[in-house]
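Heads up: the structure comes next, in structure tokens.
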């Protein structure tokens with residue numbers, strides 16, 4: 001019987017393996033300028049929320065939205081890497097895939113901005 005090319009970990013070893021893959025993914029997306037800008041936007045946004053006296057619940061929602069943004073950016077980077085690997089030449093299908101990934105990131109940025117505008121406006125204008 002032949003040995004499988006990849007062995008699947010189970011139990012606690014699976015947890016450790018998954019954590020190491022996630023850490024490697026974080027380190028990879030950290031090399032993306034867009035992700036670093038989004039990380040900066042996150043830090044400034046949470047600081048602004050704290051300065052205006054946002055509630056803990058409002059800050060938690062902001063953090064959740066930004067986690068969604070970070071995951072979209074990671075997925076967009078993954079799509080770009082796969083497209084560049086399997087289709088290094090310019091193709092309309094590859095362009096569509098990259099454009100759709102970019103649109104998903106833009107939607108999450110818009111969601112973050114709308115929420116921040118609402119909460120900051122609520123605390124600065126209506127309080």
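Numbering (UniProt numbering), first residue to last: 1 to 127. A virtual CB, placed ideally from N, CA and C, is assigned to each residue, including glycine.
Secondary structure at residue 6: coil, using DSSP grouped into helix, strand and coil. Under the three-state reduction of DSSP, residue 91 is assigned to coil, being neither helix nor strand.
In the three-state scheme derived from DSSP, where H, G and I count as helix and E and B as strand, residue 126 is classed as coil. Distance from the CA atom of residue 47 to the CA atom of residue 123, rounded to whole angstroms, is 14 angstroms.
Residue state for residue 77 is assigned as helix, using DSSP reduced to three classes. Just so you know, the alpha carbons of residue 19 and residue 12 end up roughly 11 angstroms apart. Residue 43 places its beta carbon 8 angstroms or farther from that of residue 35.
Nearest to residue 112 by alpha-carbon distance, out of 125, 80 and 62, is 62. Excluding sequence positions up to five before and after residue 58, its CB lies within less than 6 angstroms of the CB of 119, all in the same chain and listed in chain order.
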